[in-house]
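Read through the structure below, which is laid out as structure tokens, and then see the notes.
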Amino acid sequence: MTWQPAIKAKHIPETLREMILDQNSLTRRLKQLHNNEFFVRVISHEWQEPSLQEKVFLNCEDQRASVREVLLFGSGQPIVFARSVLPESSLTGENEDLLELGEKPLGEYIFSQPGLHRGPIEVVDIQACQFNSHLDFKFDTEIAWARRSLFYLREKPISVCEVFLPSLETS
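When the count follows my numbering, it moves up by one through the sequence shown with no breaks and lands on 176 for the last residue.
Written out as structure tokens, the structure reads:
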């Protein structure tokens with residue numbers, strides 16, 4: 006899987022391009038798009054070692070991170086799979102609140118915080134079927150688009166990866 010800067014990605018489908026390139030809150034956008042028929046289902050939220058790729062992306066050596074995987078639902082269907090990696094060293098002071106989100110959207114919390122800074126967006130296309138274990142239906146050969154970026158909350162890095170499931174293109 007090779008991530009590339011979003012500004013260089015010419016082959017993002019038009020139906021997703023604007024949403025993928027948007028620097029603002031995806032949560033806010035999805036709530037508007039789905040008339041507030043939006044919710045988060047937590048798949049997992051646990052301490053684990055970030056992957057080597059995640060450590061490199063975060064530029065951190067932490068052996069432990071709070072890793073949260075969720076599905077974002079709009080109008081009753083799963084539309085985004087999201088994985089956030091919060092290095093232990095980033096979870097100090099008020100950032101500890103990130104450990105208590107439960108079913109609340111991460112985006113809703115971080116975009117309400119003063120001084121939030123977002124790094125550049127990177128994108129990649131991947132096989133949607135790798136998310137089948139989290140879904141009530143199955144993808145076959147469909148392609149999903151993913152974006153990732155670093156957020157700096159109180160100057161501490163957080164990695165957020167959002168996978169736009171093919172069902173989003175038809176919603």
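Cβ atoms here follow ideal geometry from the backbone N, Cα and C, with glycine treated the same way. As the structure is a computational prediction, the values presented were derived from the model and not from experiment.
Please say whether S164 and S89 have beta carbons closer to each other than 8 Å? yes
Supposed close pair F78, F116 - CB separation, criterion 8 Å
Going by Cβ atoms, the distance from F78 to F116 rounds to 19 Å, so no, they are not a contact pair.
| field | Reference V168; option with closest CA among P110, E147 and A87 | value | A87
message: Please state whether the Cβ-Cβ distance between A14 and V128 is less than 8 Å.
response: yes
Pull up the distance between the alpha-carbon of F62 and that of S138, whole angstroms please.
It is roughly 26 Å from the alpha-carbon of F62 to the alpha-carbon of S138.
In three-state DSSP terms, what is H139?
helix
_When you compare the segment 105-125 with the segment 40-57, are there three or more beta-carbon pairs, one atom per stretch, that lie closer than 8 Å?_
Here the segment 105-125 makes contact with the segment 40-57; the two share three or more CB pairs at distances below 8 Å.
- Query: Is it the case that the Cβ atoms of Q135 and I148 are separated by a distance below 8 Å?
  - Reply: no
Measuring straight from C-alpha to C-alpha, what distance separates L28 and D145? According to the sequence displayed, residue 28 carries Gln and not Leu. The straight-line gap from Cα to Cα measures roughly 30 Å.
Please state if the CB of W52 and the CB of R73 are separated by a distance shorter than 8 Å.
no
Tell me whether G112 is buried or exposed, calling it buried when 16 or more other Cβ atoms sit within 10 Å of its Cβ.
buried
Exercise. Do the CB positions of P55 and D67 come within less than 8 Å of each other?
Worked result: D67 is positioned such that its CB atom lies closer than 8 Å to that of P55.
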